[in-house]
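Novice:
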Amino acid sequence: MSEWIKYKSQLLKAYFSSSGGVANKDSAFYKEFVSFLSRYETKLANSTSKRPVNTNLLEIDEDIPCNSFGVPQTEFNKFFTTNVVIGENVADKLALRNIPTLIIKQFEFIISLFYKFKNSRNFKKLKKLRNAQINLPIYQSKDELLEKLENNQILLIAGDTGCGKSTQLPQYLLNAGYTKIACTQPRRIACTALAQRVALEMLKQFDSEIAYQTRFDKTKTSSTRMLFLTEGVLLRQLVDDPGLQRYNVVILDEVHERNISGDLLVALLKSACQRREDLKLILMSATINIELFRSYFPEAPEISVPGRLFPIELRYMPPLIREVDISRKKSAKIDAGPYVNILQLIDKKYKSSERGDVLIFLNGISEISIIAEACKEYAEFTKKWIILILHSTLSVEEQQKVFDLAPVGIRKCILSTNIAETSVTIDEVRFVIDSGKENLMVYDPSIRTHKLAETWISKASANQRKGRAGRTGPGVCFRLYSEEEFSKMEDFTLPEIKRVSLDTLILQILDMNMQIDVRDFPFLESPEIGPLNQTLESLKSQGVVNALNEKMLTPLGIILARLPVDIPISKMLIYACVLNKLEIALTIAAGLSLQSPFTNRSFRDSDCVNSRQHLLSDIGDPFTLLRVYREWLKLRMDGGQDTRRWARQLGIEETRLFEITKLRRQFKEILEQAELIPKQEAKEWEELSSKERRMLVGEKRKLFDLKKKAGYEGKKTKILREGQHFDTILEKSGRGLEEEEEMEKRGPQMLENTQDQIQHLEFSLLSSGKALERELATHKFDDILAIQLKLILAMGIYPQYAVVDPANNFREGHDQFAHTPSKPFVVIHPNSSLGQRPEALRIEIDLDGRSSQHQFIFYGLLLETTKPYLCNTCRIPAIFLLIIARNITLVKPNILCCDGFIEFNFVEEEDLLQVLNKAIELRHLLLKSVELKLNNDEYADFKDVCKNIVKFSRMQNSFRFVKVFELFLKNQRLLTLETLNFYN
Numbered sequence: 002m003s004e005w006i007k008y009k010s011q012l013l014k015a016y017f018s019s020s021g022g023v024a025n026k027d028s029a030f031y032k033e034f035v036s037f038l039s040r041y042e043t044k045l046a047n048s049t050s051k052r053p054v055n056t057n058l059l060e061i062d063e064d065i066p067c068n069s070f071g072v073p074q075t076e077f078n079k080f081f082t083t084n085v086v087i088g089e090n091v092a093d094k095l096a097l098r099n100i101p102t103l104i105i106k107q108f109e110f111i112i113s114l115f116y117k118f119k120n121s122r123n124f125k126k127l128k129k130l131r132n133a134q135i136n137l138p139i140y141q142s143k144d145e146l147l148e149k150l151e152n153n154q155i156l157l158i159a160g161d162t163g164c165g166k167s168t169q170l171p172q173y174l175l176n177a178g179y180t181k182i183a184c185t186q187p188r189r190i191a192c193t194a195l196a197q198r199v200a201l202e203m204l205k206q207f208d209s210e211i212a213y214q215t216r217f218d219k220t221k222t223s224s225t226r227m228l229f230l231t232e233g234v235l236l237r238q239l240v241d242d243p244g245l246q247r248y249n250v251v252i253l254d255e256v257h258e259r260n261i262s263g264d265l266l267v268a269l270l271k272s273a274c275q276r277r278e279d280l281k282l283i284l285m286s287a288t289i290n291i292e293l294f295r296s297y298f299p300e301a302p303e304i305s306v307p308g309r310l311f312p313i314e315l316r317y318m319p320p321l322i323r324e325v326d327i328s329r330k331k332s333a334k335i336d337a338g339p340y341v342n343i344l345q346l347i348d349k350k351y352k353s354s355e356r357g358d359v360l361i362f363l364n365g366i367s368e369i370s371i372i373a374e375a376c377k378e379y380a381e382f383t384k385k386w387i388i389l390i391l392h393s394t395l396s397v398e399e400q401q402k403v404f405d406l407a408p409v410g411i412r413k414c415i416l417s418t419n420i421a422e423t424s425v426t427i428d429e430v431r432f433v434i435d436s437g438k439e440n441l442m443v444y445d446p447s448i449r450t451h452k453l454a455e456t457w458i459s460k461a462s463a464n465q466r467k468g469r470a471g472r473t474g475p476g477v478c479f480r481l482y483s484e485e486e487f488s489k490m491e492d493f494t495l496p497e498i499k500r501v502s503l504d505t506l507i508l509q510i511l512d513m514n515m516q517i518d519v520r521d522f523p524f525l526e527s528p529e530i531g532p533l534n535q536t537l538e539s540l541k542s543q544g545v546v547n548a549l550n551e552k553m554l555t556p557l558g559i560i561l562a563r564l565p566v567d568i569p570i571s572k573m574l575i576y577a578c579v580l581n582k583l584e585i586a587l588t589i590a591a592g593l594s595l596q597s598p599f600t601n602r603s604f605r606d607s608d609c610v611n612s613r614q615h616l617l618s619d620i621g622d623p624f625t626l627l628r629v630y631r632e633w634l635k636l637r638m639d640g641g642q643d644t645r646r647w648a649r650q651l652g653i654e655e656t657r658l659f660e661i662t663k664l665r666r667q668f669k670e671i672l673e674q675a676e677l678i679p680k681q682e683a684k685e686w687e688e689l690s691s692k693e694r695r696m697l698v699g700e701k702r703k704l705f706d707l708k709k710k711a712g713y714e715g716k717k718t719k720i721l722r723e724g725q726h727f728d729t730i731l732e733k734s735g736r737g738l739e740e741e742e743e744m745e746k747r748g749p750q751m752l753e754n755t756q757d758q759i760q761h762l763e764f765s766l767l768s769s770g771k772a773l774e775r776e777l778a779t780h781k782f783d784d785i786l787a788i789q790l791k792l793i794l795a796m797g798i799y800p801q802y803a804v805v806d807p808a809n810n811f812r813e814g815h816d817q818f819a820h821t822p823s824k825p826f827v828v829i830h831p832n833s834s835l836g837q838r839p840e841a842l843r844i845e846i847d848l849d850g851r852s853s854q855h856q857f858i859f860y861g862l863l864l865e866t867t868k869p870y871l872c873n874t875c876r877i878p879a880i881f882l883l884i885i886a887r888n889i890t891l892v893k894p895n896i897l898c899c900d901g902f903i904e905f906n907f908v909e910e911e912d913l914l915q916v917l918n919k920a921i922e923l924r925h926l927l928l929k930s931v932e933l934k935l936n937n938d939e940y941a942d943f944k945d946v947c948k949n950i951v952k953f954s955r956m957q958n959s960f961r962f963v964k965v966f967e968l969f970l971k972n973q974r975l976l977t978l979e980t981l982n983f984y985n
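The sequence shown begins at 2 in the working numbering and counts up by one.
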């Protein structure tokens, strides 16, 4: 064995250190090299050759004659065939001082061999990759695609699943000379994944020629030639540049999904093509409604590309009709038997040694939970299955587990919503079980209700689900419905534009300043005229659309259109600017705009429920969110070492807290551009010392490098443990407790995942040092700040409010009923803060039902599933409604009616006048403040406004609530929508 082995630890320390060398000792390169070195040692130890190593071969004598190419004319030395030069300053000379020169050269020779080994392996991968690209079905249509695009402005591509359209077509365009390419995707995860894949295939992982841009993130630079971006980002670019001069080709991918932003893009890009003859547009999808698009683009040629699916056996297996006792729980209506029977069938018919997992498509989380439990019982009995679940309320860590491999002889069974139809591809799936159902969200503008209804899927969705069984090999699709039921399905899913709220759509169209009536907009498919008119009237009444000219937005509407959130949250931010409470309101607005940080496990796991009790606020969900975010900030300010464990213990998805931080900054930048708040970035830069500025620039560069690294870093394949089902998936990680603690102590730079490093560095750039201290200071709220925040919430969310039913028993575990102006007997969601702290809904009243503490429940969403639920709820003092209600009517000298829904019955006329006069005064002050703010001015006495809000909330004039569902009043109107509209 070579003598260098005696110096192994010294040599590794010299050439691989924390500060650099050949590579960082914590890098993947170092780990690979150590593994290679171990195999190299074994090979030396097992060598049968007794001939000593010819050390002279490693000596490079300057006197050795070389030929005209500089190749030494001496005995062959493999060292010379590896094009690797290790510079003098690479190694730590101090660590090498006692090591013989020959040993150093031997070790450098091994490093060069490792490089050669890596290059050889990479070349084989590249060769395999190029062969795979050539074998994709779309390769056969490459010339036709380019020819049709050259001769036409718009192109329709129907590419079946697996044909390679999303990854290959952009490359064909770039290689053909198109240098400004945009490719949209409906989801962020698809943008980043495709950009990374295309960069890998084009060997451009280390530059920014291929980049992505999403709502929160981008790798785009001035040298970017191909950009993968979300539909929302492209829509925002169209507002500033209707002709899209920055691109010469735009690809709209997955147009079959028919989401509202995708349909709007189709119409706007058609208009852009009419403005620019040199702009090329490509629309493509797997299950495109070709007739619809053909009629919208009559001159566009169509190209069909076959897929590369393996044969799929299709079996219709409708369950037997059985009687169901409707008085029993819903779980009795969901029969898990057919699903377990199919698992048994697979066990009998297919050997466990044959790879192949099962993917079950179900319509909702409750169905997944019930069937998963039944499958788990079967799995624990047979020891042949690992049961996993996949839906949007799981943490990222839980979702990622479905991509891990099952141990040999065991299959995965994944129960998923339709998220697995197109959003993610799970390898190794051989069997698909399709329930034929999905939950579809439908919005009713007349009662402001979102209804999640169980419906049959479309034929297109059924075929998409079937295709998941044939991606990597021959598969089987079990359809739990009859062939006759399949024939009665709609061809395509109802587009979003016909079933969702149209507020944002109208804002986006009018923000383009096209001077067009929204009703005349050239939609791919027009929305129903009834909901469209209702939405327009609602926006006019809120002062968002100009009441005299429906083709224009008001100054308020222009700002709301630029904020990438729903209108109520946008209004909250503007009112927070007026009352100088922006910092804390930014967190509430960002949190309510994103998916809740509380995962499904946080309500299912008793340990999680107990651990987060101290964070629950009895005011409501926005205040609970503030407590969670503030505690997270405190932990991060202390070094960030405990945040991951803290989040897991509480059932919180930490990624969503990072997203809140990024969205806060995005909101702030938009408000700065609108000149509602002064710009902070220049001021923050001026406050930094020269050293801090250099560090900031260095961290930004490091962040950019990490994002590029994430693009070419391969995913680590993990193996699931036997018996590790959906409910124990996060237990007992691969490391011991001590090792996890040690990793956390070493800080964010030692995180095993590049994506985690990116998150931590992004947070550091957005909220670190003084900025983090300031942010924490603004998140300390007392009773006075809480009152002001309640009014900000109410002004933003109005008219989404409800009155609590006094007949409730106010005990946890029981339904807490409330009544909205448009729908009685709705239920406060049991997972909400008020659902878990229902005692806060009870107030002290006298024998006549009067109190000065009456309250409303303001809510962010009315969602109807098994029941109509109020989500994102918050308790607000009832008299705040007198400040913001659109319609207040004097019924009797001591009775007021708001919005034709609720009466305030005071004891005396004097009590009513005292409260009402103060409410009118505050309303005028707030109106004046908003008007000044929108005109980039400041109301000098906003502090007095804040003080008056607090005083008003504490008025002791008692009154009684009376609900009014149908009110025909002939009395004098005191405040009407026309005379005193808060939003104009």
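Beta carbons are placed, not taken as given, at the ideal position from N, Cα and C, and that holds for glycine.
Buried or exposed: which applies to residue 136, given that a residue is buried once 16 or more other Cβ atoms fall within 10 Å of its Cβ?
Specialist: Translated into positions along the sequence shown, residue 136 becomes position 135. Classification for residue 136: exposed.
Novice: Taking 9 Å as the threshold (C-beta atoms), are residue 309 and residue 163 in contact?
Specialist: Counting from one through the sequence shown, the residue named residue 163 turns up at place 162. Counting from one through the sequence shown, the residue named residue 309 turns up at place 308. Yes, the pair counts as a contact, with Cβ atoms nearer than the cut-off.
Novice: With a Cβ-Cβ cutoff of 9 Å, do residue 511 and residue 553 count as a contact?
Specialist: As a position in the sequence shown, residue 511 is number 510, starting the count at 1. As a position in the sequence shown, residue 553 is number 552, starting the count at 1. Cβ distance < 9 Å, so residue 511 and residue 553 count as in contact.
Novice: Can you check whether the CB of residue 455 is closer than 9 Å to the CB of residue 514?
Specialist: Taking the sequence shown and counting its residues from 1, the one referred to as residue 514 is at position 513. Taking the sequence shown and counting its residues from 1, the one referred to as residue 455 is at position 454. The criterion of a C-beta distance shorter than 9 Å is not satisfied by residue 514 and residue 455.
Novice: Determine which residues share a DSSP beta bridge with residue 893 and list them.
Specialist: As a first step, residue 893 must be located in the sequence shown, where it is residue number 892. Beta-bridge pairing links residue 893 to 896.
Novice: Considering only the alpha carbon of each residue, which of 765, 606, 598 lies closest to residue 638?
Specialist: Residue 638 sits at position 637 when you count from the first residue of the sequence shown. When each option's Cα is compared against that of residue 638, the closest is 765.
Novice: In angstroms with no decimal places, state the Cα-to-Cα distance between residue 394 and residue 468.
Specialist: Translated into the one-based positions of the sequence shown, residue 394 becomes position 393. Translated into the one-based positions of the sequence shown, residue 468 becomes position 467. If I take the Cα positions, the gap works out to 25 Å.
Novice: Assign residue 132 to one of three DSSP states: helix, strand, or coil.
Specialist: Along the sequence shown, read from residue 1 onward, the residue named residue 132 stands at position 131. If DSSP states are grouped into helix, strand and coil, residue 132 belongs with the helices.
Novice: Anyone know if the C-beta pair for residue 827 and residue 903 falls short of 9 Å?
Specialist: Position 826 of the sequence shown, counting from 1, holds the residue named residue 827. Position 902 of the sequence shown, counting from 1, holds the residue named residue 903. Against a cut-off of 9 Å, the Cβ pair of residue 903 and residue 827 comes out as no contact.
Novice: When we look at the beta-carbon of residue 447 and count the other beta-carbons within 10 Å, is it buried (16 or more) or exposed?
Specialist: Taking the first residue of the sequence shown as 1, we reach residue 447 at position 446. Its Cβ having fewer than 16 others within 10 Å, residue 447 is exposed.
Novice: Going by DSSP in three states, residue 800 sits in which element: helix, strand or coil?
Specialist: Working through the sequence shown from its first residue, we reach residue 800 at position 799. Note: residue 800 maps to coil in three-state DSSP.
Novice: For the beta strand (DSSP E) that contains residue 818, what are its first and last residues?
Specialist: Counting from 1 along the sequence shown, the entry for residue 818 is found at position 817. Run containing residue 818: 818 to 820, per the beta strand (DSSP E) assignment.
Novice: The alpha helix (DSSP H) with residue 552 in it runs from where to where?
Specialist: In the sequence shown, the residue the question calls residue 552 occupies position 551. Neither: residue 552 is in no alpha helix (DSSP H) and is coded neither H nor E.
Novice: Use the C-beta contact count for residue 698: other C-beta atoms within 10 angstroms, 16 or more gives buried, fewer gives exposed.
Specialist: Mapped onto the sequence shown, residue 698 falls at position 697. Exposed, because fewer than 16 other Cβ atoms sit within 10 Å of the Cβ of residue 698.
Novice: For residue 11, which three-state DSSP category applies?
Specialist: The residue labelled residue 11 in the question sits at position 10 within the sequence shown. Here residue 11 sits in helix by DSSP.
Novice: Excluding the five sequence neighbours on either side, which residues of its own chain have a C-beta within less than 6 Å of the C-beta of residue 139, listed in chain order?
Specialist: Against the sequence shown, residue 139 aligns to sequence position 138. Closer than 6 Å at the Cβ level, and outside the excluded window around residue 139, lie 164, 165, 166, 169, 306.
Novice: Just confirm the distance between the C-beta atoms of residue 407 and residue 413, as a whole number of angstroms; I'd bet it's less than 8 Å.
Specialist: The sequence position of residue 407 within the sequence shown is 406, counting from 1. The sequence position of residue 413 within the sequence shown is 412, counting from 1. Indeed, because the Cβ distance is near 5 Å, the residues count as touching under 8 Å.
Novice: Considering residue 519, what are the terminal residues of the beta strand (DSSP E) in which it resides?
Specialist: Position 518 of the sequence shown, counted from the first residue, corresponds to residue 519. Residue 519 -> no beta strand (DSSP E), and no H or E assigned at all.
Novice: Here's the rule I'm using: 16 or more other beta-carbon atoms within 10 Å means buried, otherwise exposed. How should residue 785 be labelled?
Specialist: Taking the sequence shown and counting its residues from 1, one reaches residue 785 at position 784. Counting Cβ neighbours within 10 Å, residue 785 comes out exposed, since fewer than 16 surround it.
Novice: Could you tell me the distance, in whole angstroms, from the CA atom of residue 937 to the CA atom of residue 679?
Specialist: Translated into the one-based positions of the sequence shown, residue 937 becomes position 936. Translated into the one-based positions of the sequence shown, residue 679 becomes position 678. If I take the Cα positions, the gap works out to 10 Å.
Novice: Please determine if the segment 595 to 602 and the segment 651 to 661 are in contact, where contact requires at least 3 C-beta pairs separated by less than 8 Å.
Specialist: yes
Novice: Specify the secondary structure class of residue 963 as computed by DSSP and reduced to three states.
Specialist: As a working note, residue 963 is residue 962 in the sequence shown. Residue 963 falls in the strand class under three-state DSSP.
Novice: Below 8 Å CB to CB, which residues in the same chain sit around residue 348 once its five sequence neighbours on both sides are set aside?
Specialist: Within the sequence shown, the letter at position 347 stands for residue 348. Correct list, in chain order: 383, 385.
Novice: Ignore the nearest five residues each way along the sequence and tell me which others in residue 269's own chain have a CB closer than 6 Å to its CB.
Specialist: Counting from one through the sequence shown, the residue named residue 269 turns up at place 268. Excluding residues within five positions, the ones whose Cβ falls inside 6 Å are 239.
Novice: Using 8 Å as the cut-off, can you tell me whether the segment 209 to 229 makes contact with the segment 153 to 160, which would need three or more C-beta pairs spanning the two stretches below that distance?
Specialist: no
Novice: What first and last residue would you give for the alpha helix (DSSP H) that runs through residue 34?
Specialist: Here residue 34 is taken as the residue at index 33 of the sequence shown, counted from 1. Secondary structure note for residue 34: its alpha helix (DSSP H) is the uninterrupted segment 29 to 46.
Novice: For the segment 598 to 613 and the segment 578 to 588, state whether three or more C-beta atom pairs, one from each stretch, are separated by less than 8 Å.
Specialist: no
Novice: Answer with buried or exposed for residue 345, where buried requires no fewer than 16 other C-beta atoms within 10 angstroms of its C-beta.
Specialist: Your numbering for residue 345 matches position 344 in the sequence shown. By the neighbour-count rule (16 or more Cβ atoms within 10 Å), residue 345 is not buried but exposed.
Novice: Quick check: what's the CA-CA separation for residue 728 versus residue 121?
Specialist: For the purposes of this step, residue 728 is identified with residue 727 of the sequence shown, where counting begins at 1. For the purposes of this step, residue 121 is identified with residue 120 of the sequence shown, where counting begins at 1. So the alpha carbons of these two residues sit roughly 43 Å apart.
Novice: Using 8 Å as the cut-off, can you tell me whether the segment 853 to 872 makes contact with the segment 791 to 809, which would need three or more C-beta pairs spanning the two stretches below that distance?
Specialist: yes
Novice: My understanding is that residue 497 touches residue 259, with C-beta atoms under 8 Å, so please give their C-beta distance in whole angstroms.
Specialist: Translated into positions along the sequence shown, residue 497 becomes position 496. Translated into positions along the sequence shown, residue 259 becomes position 258. Between residue 259 and residue 497 the Cβ distance is about 6 Å, and since that is below 8 Å, they are a contact.
Novice: Please report the Cβ distance between residue 298 and residue 466, rounded to the nearest whole angstrom; I am assuming they are in contact, meaning their Cβ atoms lie under 8 Å.
Specialist: Stepping through the sequence shown from its first residue, residue 298 is reached at position 297. Stepping through the sequence shown from its first residue, residue 466 is reached at position 465. No, residue 298 and residue 466 are not in contact; Cβ-Cβ is about 28 Å, not under 8 Å.
Novice: Does any C-beta atom of chain D lie closer than 9 Å to the C-beta of residue 117?
Specialist: Judged by its chain identifiers, the structure shown contains no chain D, having just a single protein chain.
Novice: With DSSP collapsed to three states, give me the class of residue 878.
Specialist: For the purposes of this step, residue 878 is identified with residue 877 of the sequence shown, where counting begins at 1. Looking at residue 878 - three-state DSSP - the assignment turns out to be strand.
Novice: Pull up the DSSP beta-bridge partners for residue 454, would you.
Specialist: Mapped onto the sequence shown, residue 454 falls at position 453. DSSP, once it has assigned bridges, lists 441 as partnering residue 454.
Novice: Taking only three categories from DSSP, how would you classify residue 212?
Specialist: If you number the sequence shown from 1, residue 212 lands on position 211. Reduced to three states, the DSSP call for residue 212 is strand.
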